[in-house]
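From first to last, the protein sequence lines stand for chains Z and V.
Going letter by letter, the first sequence gives residues 2 to 312 in our numbering.
Going letter by letter, the second sequence gives residues 193 to 409 in our numbering.
We treat Cβ as the ideally placed atom computed from N, Cα and C, and that holds for glycine.
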Amino acid sequence: MTDTTSDILLLSIGVIILLVGLTLFGEFMRGRYPVGESNQVVETFIQRVNSWWAIVILTSSAALLGELALLLLFAFASFAALREFLTFSYKRQADHLSLALGFFVILPLQYLFIGLGWTGLFAVFIPVYAFLLLPIVSALRGDSNRFLIRVAETQWGLMICIFCISHIPALMTFEMGDGRSVLLILFFVMVVQFGDLIEYYAGRKFGVRKIAPHLSPKTIRGMIAGVLGATVIGALLSWITPYGIVGAAMMAALASLTGMFGSLVFAAIKRDKGVKDWSHLIPGQGGFLDQLDSVIFAAPVFYHVTMLVWK
Amino acid sequence: MSLPRRLAARFVGHALTFIARFIIAARADWRGIEPVPRQRVYFANHVSNADMPMVWAVLPPALRRQTRPVAAADYWLKNRLRAFAGRDVFGAVLIDRRPEARVEDPMEKILEALDEGASLIIFPEGNRNMTDDPLLPFRSGLYNMGKARPEVDLVPTWIANLNEIMPKGEIIPLPLICTVTFGAPLHVEKDEDKDAFLQRAAAALVSLSDPTFDEIT
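Here it is in structure tokens:
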């Protein structure tokens, strides 16, 4: 067994012990209600923990299987997120071909570029070439009705769901030797998601002033608690990163903070489209976009700072 | 039906359900009723050829087994593959749409299926809706069924988004999310005449098309 594999196993076992604790806690809370009765908060909590089981098992087995499995996992996450985004975006029949190209050509190509290590093309493919090509395909059908809104919403979907998400597996192109860059992905996803969890529960308990009252229940205290929590977790996990203790703490704080503002942006989009959740595919959490919104926003920033500062 | 044919039909049925659930991400929204084994006629809007498999696939397996779509014989008997799909996979009640040529009365076949205990999926518009209106005027079949078998629930069933997934004339389907919404059941009232009932049924179906209803809670 290599060092990388044993580190992945160690992290997975740590998270699994945590999940076992949360599952037992959920069952204990459920047991306090008489047979035939149930409490909504407890049931939602158990559903969420169950979804976390699925996410953790999928991610850690992909990490153990290696680069190709991780690439496929994130390509599927992109696909699921794009499906949710484009279900609610404004479109007409004239856009049918450009949307199909987004799903079946642009998405696979973007992940192929990462697999081949073509980081130059990976960085410009969607912001430049897809950006120019897809409006041409839509324009050729000759329908000018709300044209700018249509192409803008489509491009936004591609940027968020393909371009941004693909920056997570792109961390594997960072040269660390012994395939250790896979651990960077786990570091990034863990600090952002734990920060979100702390923000959610601390905000519910101690939050006073809301950061954007018309958009989201996020509070200033909740966010501070979340970022601080992510910072501590980042420092504790510094042994799997090339950043050192202080560097890992700062990278975690940066990722967590961008992520939280990212979910604020998504809250604004959902409110604009009149939906509460993007879909119902993950029980208790809504859709893939609801689960990933913070990770999506933080990924490109985390990737570029890693490449610029630590190379 | 021979055993290999029956097994093949089961296999294709499972494959279709898998595709509908995970590739098209079809899901059921039971808004007005629960998915329980009562005898029902699900009446749905009709915009594409994927409508019937979609409703069929989102039903829970126990309900799906006793639910038979009512479909046009001229379409489903055109070749052997379609006949296999229509008769063996979906167990469709095939009716003849040409009044001048047919030898069997469609309503008789439908009532026969109901008396055997089956639930049905029907498209009361008769044809695919190619207009910008949400629904075409309903044919009288739904009213006749409700009148003849008043104990059966008539369930409005709205299929959202399929015209965006596969608009007419396109070849590649888009993998967008498709929601099938089931509303509160209707029955023909005692002195209700045909037009009044069909209007009420159409209104109940269209009212399910509002997507924000269940999303903002």
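8 Å CB neighbourhood of residue i in its chain, flanking five on each side removed
i        : result
Arg331/V : Pro316, Glu317 and Gly318
Lys382/V : none
Phe210/V : none
Leu354/V : Val239, Ser240, Ala242, Asp243, Met246 and Cys370
Residue-level contact to chain Z via CB, residue i, 8 Å cutoff
i        : result
Pro359/V : yes
Asn241/V : no
Glu226/V : no
Asp353/V : For clarity, residue 353/V is Asn in the given sequence; the question names Asp instead. Yes, contact with chain Z.
Glu343/V : no
Glu356/V : yes
Under 8 Å from the C-beta of residue i: neighbouring residues of chain V
i       : result
Glu85/Z : Ile369
Interface residues of chain B facing residue i [CB-CB closer than 8 Å]
i        : result
Leu366/V : Absent from the structure is chain B; the protein chains it does hold are Z and V.
Straight-line gap, residue i to residue j (C-alpha atoms, nearest Å)
i        : j        : result
Ala242/V : Arg320/V : 11 Å
Tyr267/V : Ile314/V : 15 Å
Ala249/Z : His305/Z : 15 Å
Gly283/V : Asn271/V : 16 Å
Arg294/V : Ser280/Z : 45 Å
Pro377/V : Leu74/Z  : 42 Å
Ser311/V : Arg257/V : 9 Å
Pro253/V : Leu141/Z : 44 Å
Trp240/Z : Phe77/Z  : 29 Å
Leu255/Z : Arg222/Z : 17 Å
Val344/V : His379/V : 8 Å
Gln156/Z : Glu85/Z  : 14 Å
Cys1/Z   : Met299/V : An answer regarding residue 1/Z cannot be provided, because it is not within the stretch 2 to 312 covered by chain Z.
Val106/Z : Glu384/V : 55 Å
Ile166/Z : Phe298/Z : 8 Å
Thr307/Z : Leu134/Z : 31 Å
Leu334/V : Asp387/V : 11 Å
Ile137/Z : Thr323/V : 28 Å
Thr409/V : Trp222/V : Only weak support exists for where Thr409/V lies, its pLDDT of 32 falling under 50; the coordinates are left without a value.
Asp307/V : Leu10/Z  : 60 Å
Phe405/V : Asp297/V : Note that Phe405/V has pLDDT 40, beneath the 50 cutoff, so the model's placement of it is unreliable and no number is given.
Val281/V : Gly227/Z : 53 Å
Gly158/Z : Ile58/Z  : 28 Å
Residue i: contacting residues in chain V (beta-carbon distance under 7 Å)
i        : result
His281/Z : Arg219
Contact with chain V by residue i, beta-carbon distance below 8 Å
i       : result
Gln94/Z : yes
Contact set for residue i: own chain, Cβ-Cβ below 7 Å, skip 5 residues either direction
i        : result
Ala340/V : Leu303
Val398/V : Pro326 and Leu327
Lys274/Z : Phe89
Asp144/Z : Arg93 and Ala95
Glu407/V : Note that Glu407/V scores a pLDDT of 38, beneath 50, so its modelled location is shaky and nothing firm can be said.
Amino acids of chain Z, ordered along the chain, whose beta-carbon sits closer than 7 Å to that of residue i
i        : result
Glu362/V : His97
Glu308/V : Neighbours of Glu308/V on chain Z: none; closest Cβ ~34 Å, over 7 Å.
Range covered by the alpha helix (DSSP H) that runs through residue i
i        : result
Arg198/V : Leu195 to Phe210
Pro261/V : From DSSP, Pro261/V is part of no alpha helix (DSSP H) but of the beta strand (DSSP E) over Thr259 to Ala264.
Leu149/Z : Phe148 to Leu159
Val228/Z : Ile221 to Leu237
Ile58/Z  : Gln41 to Leu66
Ile287/V : Run containing Ile287/V: none in the alpha helix (DSSP H); it sits in the beta strand (DSSP E), Val285 to Ile287.
Glu384/V : From DSSP, Glu384/V is part of no alpha helix (DSSP H); its letter is neither H nor E.
Ile212/Z : Ile212/Z -> no alpha helix (DSSP H), and no H or E assigned at all.
His97/Z  : His97 to Leu102
Lys274/Z : Gly245 to Lys274
For residue i, the first and last residue of its enclosing beta strand (DSSP E)
i        : result
Pro348/V : Asp345 to Ile351
Trp222/V : Arg219 to Trp222
Thr373/V : Thr371 to Phe374
Phe303/Z : No beta strand (DSSP E) holds Phe303/Z; the alpha helix (DSSP H) holding it covers Phe289 to Val310.
Phe235/V : Arg232 to Ala236
Ser311/V : Ser311 to Ile314
Neighbourhood of residue i by C-beta distance below 6 Å, restricted to the same chain and skipping five residues each side
i       : result
Gly27/Z : Phe46, Ile47 and Val50
Arg31/Z : Val43
Ser13/Z : Ser61
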